[in-house]
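For the record, the sequence lines run as chains A and B. Going by my numbering, the first residue of the first sequence is number 196, and it counts up by one from there. Going by my numbering, the first residue of the second sequence is number 330, and it counts up by one from there. Just so it is clear, CB atoms sit at the ideal spot from N, CA and C, and this is done for glycine as well.
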Amino acid sequence: METMEQAVNQKRSWTTRLDAKKKRIDSVKGLVNGRVIPTDRIVEALEKLIRPGDRVVLEGNNQKQASFLSGALAQTSPKNLFDLHMIMSSLSRPEHLDLFERGIANKVDFAYAGPQSLRIAQMLEDGKLTMGEIHTYVELYGRLFVDLIPSVALVAADKADRQGNLYTGPNTEETPTLVEAAAFRDGIVIAQVNELADELPRVDIPGSWIDYIVVADEPYELEPLFTRDPRHITDIQILQAMMVIRGIYEKHEVQSLNHGIGYNTAAIELLLPTYGESLGLKGKICKHWALNPHPTLIPAIESGWVDSVHCFGGEVGMEKYVAARRDVFFTGRDGSLRSNRTLCQMAGQYAVDLFIGSTLQMDRDGNSSTVTRGRLAGYGGAPNMGHNPGGRRHSTPAWLNMMSSNDSLARGKKLVVQVVETFQAGNKPVFVESLDAVDAKKDTGLATAPVMIYGDDVTHIVTEEGIAYLYKTDSMEKRREAVAAVAGVTPVGLGHDSKKTESLRREGMIALPEDLNIRRTDAKRSLLAAKSVEEIVQWSDGLYEPPAKFRSW
Amino acid sequence: MLNDLPADDPVQTVVASANSILNESVYKHHAKEALHSTKSVQISLLTAGVGAFKAFEAAGVNPDFVAGHSVGAFSAAVAAGVIDYQDALKAVLFRGELMERAYPHGYGMGVVLGMDENMLKTIVRKHYEETNPVFISNKNAPDQITLSGALPGIQKILDAARQNGARCASFLKVSTPSHCPLLSSVSEELSEMLRDIPFYRPLIPYAGNRGARLLFDPVDIRQDLAESVSSAVQWHDASTVLYENGTRLFVEMPPGNVLSRLATKAFPETRVFSVAENGFDDCVFIAKRERSKS
């Protein structure tokens, strides 16, 4: 009884988070002008608004970077700010890791670190950084609302007004998600903007979610990551693209899909108006896309192939084109693109028929990984889209087409396609006995081997040899035979008994180009609807404005 | 290699200071017949590297980072202000003598192209014999790896590498098995010697040979310089660390363009120049233009 009374008497406060937030806000009263932090006092403001040990989510996508705020955070004194726990979807800029080198931060949870993959591995080895977990994008966004709720969110937008309303233009990306996680749990939200405006073209994030804005000394960094110059597409990639269109998209009637960043998929996009047209497939396949505004999709859009495109982010140079094609893209009242990385990742996970991507290594079971030893690159979004989501219930022709039994509870499957050449540059086989990911697990002490796409999710493998229809295989043995049959002269392929190829072809487990009525000699660059960036610009009626590095004329 | 340098004052100062330490003209070490000697080659490399760096400095070009491959690390340390050129020269002389003495006959290095480290490691493990020791040494690129050790041992690995799909596997024209444990006594003596030389805090970060880390502490740099000769040079990683730290222009000091070729291949999006190939003036022009952009 006595203890119970004590417990009731000790009144618990239910507003500790809000109280702490108010204190922080009070601490910068003399420094800020309403909601605006003066540009030259950002370092000082961060040292007051952030506290040692905070969980800080810093916006760094693979495209848009809160580069002014990351630079400022790296300039704070490790005497004032230390032990920060950084949460970032992408570690890309040098100063992201300087935070750890300088002792400002000590722990990280992230999804992708490709551009800093050596430094992060070194710092982990040197004990300068403690690893939380390596995630996929949607997974990390999810944890922002569960057990990685941020104390502070540092984000980037194009413009703000004095009420803190933000305009992100085409590059909304993950900003709303990061802001939401902090703003509604009494965290502090600071947005860097390129300019302060009296009136915004549209409001992407309402001002009541934002605590402070700061005008950056230069516009946030934005990488044109999804621009592929058709000049670099090879004849082999064109052959593979023809096989994909014929042997997968047409065969299974794939209507909605995501494409990766590679030249393989750029080749497919550029073959739709030519090779695809010649097969009479317009209107039957590739109508709905979860995809960034790839310049290489322009010829297909212009030829009437594409009904809709929802985007993760924008793409530098595509702004005017997108605005002029609002029947196809998601756009705001102002005319510019509205992207949303979280929603597009979710769409790519649940709502599309097919994901297609590439990899650096694949084992004989079809597991794939992009891990290089001594590097820690993480996952990004590919695993979100490159798997069969067990929660899917709606059916489409392609999804139903993957059913391989007559069981009364049989269900369909998402198509997960891996397109690879059997050897990488530098004579490295793609098909290997054991993934480097297995060694990486040992080297770094990760809880699991960093596999990008698991073999049991992969429905098709496409190489220059042919297509393996893995979804049809009913045993591990058959699966391995099908993988080996298209693995060329790699260690995995050399183990293949070529006599089995004929029976696999008869059973439809594999298809060679000739089985699809494709002549290898027809796979020529002349089939590409655009053979250069300049020709893409022509297709766009001059609306696409490629960044300088892609201009060769 | 000294011929690629401008005939400016800063270069002449370096040459004069070399001459006074050597008690003879540094150009003697640069003569064709002298370049068979490890010591002479190393003296010439150091003088060319530092001479060029001083010329860049005089022209107003200051780098953000430095790195040097093998003996080039001494030039890099001078460029970073960690040691004086005269001290570097003494150390390199001493290092060269020790290296020449260590294995006068029957040892050397090879290089394997078009095979990754894992596979080459497996081959070395399979064919290793204590009587003819061989080690994987420098990692210049993911598919360009050197071997160091006894010549018959190297021959075996080169043959096996070729049979297992390497694009090219051949001996290098050097007579010292550098960058492997066979030279650990050289490292020990060099380490003793470097203790008597003053080391200063680097003015700019120096990327180390052994661990491929950016080093900021003079003690770490001294250790790197001493131990590099008996450890693998992680050149690909060292240059990758520079790249990840934001380097977008690499300029190779003379002589040659080996390192710039490697950088061009490893980082297709960067600009890569060498004094040997592009000339000093063009390098200065580009460096200044890139600097004004950032």
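Subject >> Beta-carbon spacing of residue 626 of chain A, residue 678 of chain A below 9 Å >> reply: yes
Subject >> DSSP three-state assignment for residue 359 of chain A, whether helix, strand or coil >> reply: Residue 359 of chain A: coil per DSSP, three-state reduction.
Subject >> Under 7 Å by beta carbon: chain A residues contacting residue 574 of chain B >> reply: 289
Subject >> Whether residue 445 of chain A touches residue 466 of chain A by CB criterion (9 Å) >> reply: Not closer than 9 Å, so no.
Original post:
What's the C-alpha gap between residue 291 of chain A and residue 694 of chain A?
Top reply: 54 Å
Subject >> Expected contact under 8 Å - CB spacing of residue 621 of chain A and residue 472 of chain B to nearest Å >> reply: That pair is a contact at about 4 Å.
Original post:
Quick one: Cα of residue 316 of chain A to Cα of residue 716 of chain A, how far?
Top reply: 45 Å
Subject >> Contact check, residue 377 of chain A vs residue 409 of chain A, beta carbons under 9 Å >> reply: no
**OP:** Please decide whether residue 451 of chain B counts as near chain A, where near means a Cβ-Cβ distance under 9 Å.
**Re:** no
**OP:** Please list the partners that residue 445 of chain B has in chain A, where partner means a Cβ-to-Cβ separation under 7 Å.
**Re:** Under the 7 Å cutoff, chain A gives 623.
Original post:
When the Cα of residue 520 of chain A is compared with those of A/536, A/604 and A/498, which residue comes out closest?
Top reply: A/498
Original post:
Taking the alpha-carbon positions, what's the residue 219 of chain A to residue 243 of chain A distance?
Top reply: 7 Å
Original post:
Can you tell me whether residue 312 of chain A is buried or exposed, with buried defined as 16 or more other CB within 10 angstroms of its CB?
Top reply: Buried.
Original post:
So is residue 580 of chain A buried or exposed if we call it buried at 16+ other beta carbons inside 10 Å?
Top reply: buried
**OP:** Could you tell me whether any Cβ in chain A is nearer than 9 Å to the Cβ of residue 570 of chain B?
**Re:** Yes, residue 570 of chain B counts as interfacial toward chain A.
**OP:** Alpha carbon to alpha carbon, how far is residue 637 of chain A from residue 548 of chain B? Give it in angstroms, no decimals.
**Re:** If you take the alpha carbons of residue 548 of chain B and residue 637 of chain A, they lie about 31 Å apart.
Subject >> Three CB pairs or more closer than 8 Å across the stretch 694-703 of chain A and the stretch 719-736 of chain A >> reply: no
Original post:
Alpha carbon to alpha carbon, what distance is there between residue 334 of chain B and residue 362 of chain B?
Top reply: 21 Å
Subject >> Candidates B/598, B/391 and B/583: closest to residue 624 of chain B by CA position >> reply: Any question about residue 624 of chain B goes unanswered here, given that chain B covers just 330 to 623.
Original post:
Hey, residue 283 of chain A and residue 255 of chain A: beta-carbon distance below 9 Å or not?
Top reply: yes
Original post:
If you pair each beta-carbon of the stretch 452-467 of chain B with each one of the stretch 481-490 of chain B, do three or more pairs fall below 8 Å?
Top reply: yes
Original post:
What does residue 471 of chain B reach in chain A if we use C-beta pairs closer than 7 Å?
Top reply: Contact annotation for residue 471 of chain B against chain A: 621 [CB-CB distance below 7 Å, chain order].
Original post:
Mind checking if residue 495 of chain B is an interface residue toward chain A, Cβ cutoff 9 Å exclusive?
Top reply: yes
**OP:** Please report the residue range of the beta strand (DSSP E) in which residue 302 of chain A lies.
**Re:** 300-307
Original post:
Are residue 558 of chain B and residue 388 of chain B closer than 9 Å when you measure CB to CB?
Top reply: no
Original post:
Using the beta-carbon of each residue, which ones in chain B are nearer than 7 Å to residue 314 of chain A?
Top reply: 570 and 573
Original post:
Which stretch, first to last residue, makes up the beta strand (DSSP E) that contains residue 439 of chain B?
Top reply: 436-442
Subject >> Contacts of residue 317 of chain A in chain B (Cβ-Cβ under 7 Å) >> reply: 542
**OP:** Select from A/529, A/705 and A/607 the residue whose C-alpha is nearest the C-alpha of residue 140 of chain A.
**Re:** The shown model of chain A, from 196 to 748, leaves out residue 140 of chain A, and the question about it has no answer.
Subject >> Proximity to residue 439 of chain B [Cα-Cα], best of B/418, B/467 and B/419 >> reply: B/467
**OP:** Using a Cβ-Cβ cut-off of less than 7 Å, list which residues of the stretch 296-313 of chain A approach chain B; keep chain order.
**Re:** Look at the stretch 296-313 of chain A: the residues with a C-beta under 7 Å from a C-beta of chain B are 310, 311 and 313.
Original post:
Are the C-beta atoms of residue 700 of chain A and some chain B residue less than 9 Å apart?
Top reply: no
Subject >> residue 421 of chain B, buried or exposed, once every other Cβ within 10 Å from all chains shown has been counted against 16 >> reply: buried
Subject >> Supposed close pair residue 550 of chain A, residue 501 of chain A - CB separation, criterion 8 Å >> reply: Contact flag wrong, Cβ pair sits at about 18 Å.
**OP:** Compare the C-beta of residue 566 of chain B against all C-beta atoms of chain A and say whether one is closer than 9 Å.
**Re:** At least one chain A Cβ lies under 9 Å of residue 566 of chain B.
Original post:
With a cut-off of 8 Å, do at least 3 Cβ pairs link the stretch 296-314 of chain A to the stretch 268-282 of chain A?
Top reply: yes
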